[in-house]
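First the structure, in the form of structure tokens, and then the observations on it.
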Amino acid sequence: MARLFADENFPEPGVDYLRRLGHDVFTVSDAGRSGEAWPDHAGLVVCTFDIDFAAQAGRISDAIAEVGDCAGKVLRVNRPER
């Protein structure tokens with residue numbers, strides 16, 4: 002599974018579901034850095050908002066599994082059209 006860092010724009014329920022899927026998710030709040038820019042990263046996951054947090058977490062987990070190592074990559078995970 003992946004080690005992820007979630008900024009304050011990613012909803013907490015999504016963090017919870019990703020953790021349930023086995024990912025190690027560290028948040029900006031966990032780091033005590035809310036409201037600060039943190040430009041250093043080992044890859045980015047950019048996603049559209051989805052109120053179905055479990056489904057969103059599943060799509061993120063699947064995208065990470067597909068690429069393996071996220072370092073230096075930008076993964077785009079979009080909510081499917083309804």
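Under the working numbering, the first residue of the sequence shown is numbered 2, with each subsequent residue one higher. The C-beta atom is built at its ideal place from N, Cα and C for all residues, glycine as well.
**OP:** Specify the secondary structure class of F54 as computed by DSSP and reduced to three states.
**Re:** helix
**OP:** For L22, collect the residues of the same chain with a Cβ closer than 8 angstroms to its Cβ; drop the 5 residues on either side in sequence, then sort them by chain order.
**Re:** M2, A58, G59, S62
Original post:
Okay, do the stretch 66–80 and the stretch 44–51 touch, 3+ Cβ pairs below 8 angstroms being the bar?
Top reply: yes
Original post:
Since R4 sits in a beta bridge, which residues does DSSP pair it with?
Top reply: D25
Subject >> Identity of the residue in A66, I65, L45, F6 nearest D25 by Cα >> reply: F6
Original post:
Between L19 and R83, what straight-line distance do the alpha-carbon atoms span, to the nearest angstrom?
Top reply: 23 angstroms
Original post:
First and last residue of the beta strand (DSSP E) that includes R77?
Top reply: 75–78
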